[in-house]
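Just so you know, we're using my numbering here: the sequence shown kicks off at 206 and counts up by one. Think of the CB as a built atom: it goes at the ideal place given N, C-alpha and C, for glycine as much as any other residue. Following: one structure in structure tokens, then a few remarks.
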Amino acid sequence: MVNNIKLSQKNLTEISKRISCPTYDRGNLKTGIVHIGIGGFHRAHEAYYTDQLLHDTSITEWGICGVALLPSDTKIYSTLKAQDGLYTLTVKEFDGSLSKRVIGSITEILFAPENPTHVIEKMASSEVKIITLTITEGGYNYNEATKSFDKENPAIVYDIANPLAPKTVFGYLTQALKLRKENGSKGITIQSCDNIQGNGHMAKKMLLSYVQMAEPSLVSWIEQNVSFPNSMVDRITPATSPNDIERLKKEVGIDDAWPVVCEPFKQWVIEDDFVNGRPLWEAVGAQFVEDVVPYEKMKLSLLNAGHTVLGVLGALSGYSTIDEAVHDVQISTFLKHYMDTEVTPTLADLEGVDLEAYKASLLQRFGNVNIKDQIDRICSESSAKVPIFVLPTVTTNLETNGSVDFAAFLIAAWAIYSLGKDENGDDLIIKDAMKATLHDRALLASSENPKAFLEIESIFGQLIASKRFVDAYTKAYQNLVKFGIKKSVLNINTI
Ligand code: CS2
């Protein structure tokens with residue numbers, strides 16, 4: 206392709222000669238949704254579903270306003286702003302073929318640090334009926350040790366002192382809801398799209414904890430006027446690589462500074478609890494159900510925990526992508542054992558779900574060699590992920606006398622991973638808000654007692670009090686030190 210066309214609204218007609226583009230009138234869309242956190246996942250999932258809906262129907266009230274909340278979101282903000290909210294989504298099929306489409310459902314972009322008032326007013330406007338969130342597992346400010354909102358977090362303390370120029374999602378939501386109440390506006394739905402068991406319940410509990418401190422008179426209005434549906438979200442969306450950007454230029458002549466790539470599979474199961482209307486997302490494949498719990502449990506404890514297994518064991522083994530890890534027979538055997546002997550028994554009460562088929566489909570999805578999902582991405586923020594993805598399974602197994610050996614091995618491997626070197630002595634890139642604590646504890650574990658790692662209470666709670674878990678963990682740790690990752694995985698697989 207000779208000349209590259211810059212992705213933007215004014216070039217869309219030209220671009221549509223090269224790739225499928227929105228045919229609906231973007232200029233005519235009202236903003237019915239404000240979304241906080243416009244990373245890859247939102248753009249491969251909710252914005253994609255909404256784009257399909259806008260494409261297939263004549264509705265106009267569900268355009269999305271994307272909010273970049275953090276100062277570190279400058280790049281995504283300026284990129285999307287320069288492209289009028291447009292971006293390309295490339296679906297990497299199993300056979301290696303690529304389906305590409307320009308997504309048009311994000312019609313406004315705001316950068317909160319630059320203009321907090323604008324964001325608050327937008328969320329409070331009567332046109333907006335839903336606020337959706339992808340703020341990551343760690344974004345909920347939940348402390349595992351106290352099982353409650355972390356009131357001492359400096360950003361929270363700051364927001365209470367500076368209510369009109371907040372930094373956290375809680376500060377923004379509180380001001381927006383306060384304004385809605387003052388304006389006599391209708392209620393609103395706050396919908397979490399993060400990987401958390403009972404993500405709606407969590408969003409509600411954490412927001413109300415904040416409001417209780419910051420604006421106590423608002424609590425009862427929220428209880429009566431705001432709903433927080435739970436949802437299960439799923440689509441593997443690796444970080445965009447420079448190759449993805451180059452490929453678009455080379456193959457279709459489109460200059461998109463931040464395209465999104467993802468797997469073909471997608472699933473969105475939502476509790477039907479919207480106080481002020483909602484898009485007909487079911488018309489484009491979302492499932493509305495009364496109870497999302499079974500779907501969430503299954504996904505978090507098999508897919509997300511499966512990712513953590515492949516990520517940690519894969520990183521230590523020197524792999525850099527998830528497909529490499531799952532194609533290592535010993536690692537995939539470990540994963541199957543973990544899923545079958547430790548996770549599956551804890552899911553016994555899930556009705557109407559074919560667990561065997563689900564597990565088989567996961568192995569296939571993990572193995573998609575075209576996705577090249579980065580192990581660095583999977584292992585990032587493990588301190589927030591492990592308590593949600595892995596530890597509930599451990600807790601149940603400790604109560605029911607089920608096996609915890611594979612989970613204990615995984616945690617031991619994570620302790621060794623946190624030292625920062627793989628099996629070959631190469632540096633691991635660790636991205637974690639708790640990186641320093643993890644590293645300090647990992648050092649203590651290696652120099653004094655492996656148990657030191659389990660003493661991080663905000664991650665492990667009281668797990669250290671379980672002799673059975675500590676014994677299994679210590680044994681796995683010692684084996685890992687003595688035999689290394691590959692041989693230890695082989696040993697545990699053959700017990
Ligand atoms: C991953 C998820 O972050 C992680 O550890 O497990 O991002 C996963 O890819 C998505 O939840 C898939 O739906």
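Taken in chain order, the unbroken stretches of alpha helix (DSSP H) that lie wholly in the stretch 442-493 and span 4 residues or more are 447-457. Contact annotation: Val609 and Phe665 have beta-carbon atoms that are not nearer than 8 Å. Between the alpha carbons of Asp533 and Leu518 lies a gap of roughly 10 Å.
Counting every other CB atom within 10 Å of its CB across the protein chains shown gives Gly242 a total of 16 or more, marking it as buried. Partner residues in the beta bridge of Tyr347, as assigned by DSSP, are Phe354. Not a single heavy atom of the ligand CS2 lies less than 7 Å from the C-beta of Lys564. In terms of side-chain proximity, the C-beta atom of Arg248 is found no nearer than 7 Å to any non-hydrogen atom of the ligand CS2.
Sequence-distant Cβ neighbours of Ser587 in its own chain, meaning closer than 7 Å and more than five residues away, are Thr513, Trp619, Asp637. Ranked by Cα distance from Ile269, the options Tyr363, Ile314, Ala491, Thr445 are led by Ile314.
Taking a 10 Å sphere around the C-beta of Val574, we find fewer than 16 other C-beta atoms and assign the residue as exposed. With a cutoff of 8 Å on beta-carbon distance, Ile690 and Ser525 are scored as not near each other. For Gln579, the secondary structure class from DSSP, reduced to helix, strand or coil, is strand.
In this model, Ser221 and Val438 are separated by some 30 Å (Cα to Cα). Taking 8 Å as the cut-off, the Cβ atoms of Thr255 and Asn233 do not count as close.
Counting the other Cβ atoms within 10 Å of the Cβ of Ser422 gives fewer than 16, which makes it exposed. Beta bridge pairing from DSSP links Phe316 with Ala273. The three-state reading of DSSP puts Tyr253 in helix, counting H, G and I together.
Fewer than three Cβ pairs drawn from the stretch 444-452 and the stretch 476-483 lie within less than 8 Å of each other, which leaves the two stretches out of contact. Relative to the non-hydrogen atoms of the ligand CS2, the Cβ of Leu508 comes within a distance shorter than 7 Å of at least one. According to DSSP, residue pairing for Asp528 in a beta bridge does not occur. Rounded to the nearest whole angstrom, the CA to CA distance from Ser277 to Glu319 is 12 Å.
Contact check for Arg570 and Glu660: beta-carbon distance about 35 Å, past the 8 Å limit, so the pair fails to qualify. Burial check for Thr442: the Cβ neighbour count within 10 Å reaches 16 or more, so the residue is buried. A distance below 7 Å between beta-carbons, with the five flanking residues on each side excluded, links Ile365 to the following residues of its chain, in chain order: Met418, Ala419. Taking Glu501 as the centre and dropping the five residues before and after it, the same chain places the C-beta of Gln402, Met437 closer than 6 Å to its C-beta, in chain order. Taken from the Cβ of His512, at least one heavy atom of the ligand CS2 lies inside 7 Å.
When DSSP reads this structure, Met437 sits in a beta bridge with Val474. Judged by their CB atoms, Asp578 and Ile527 are nearer to each other than the 8 Å cut-off.
Membership of Thr236 in the beta strand (DSSP E) is indicated by the continuous run 236-241. Along the stretch 361-397, the alpha helix (DSSP H) occurs as fully enclosed runs of 4 or more residues at 374-388, listed in sequence order. Out of Val595, Asn346, Phe433, the CA that lies nearest to the CA of Val374 is found in Asn346. Nearest in C-alpha terms to Pro368, of all of Glu556, Ala647, Tyr415, is Tyr415.
Per DSSP, reduced to three states, the secondary structure at Thr337 is strand.
In the displayed model, Ile264 falls within coil according to three-state DSSP, outside both helix and strand. Lys692 has its alpha-carbon roughly 13 Å from the corresponding atom of Ile700.
In the three-state DSSP reduction, Thr293 falls in the strand class (E or B).
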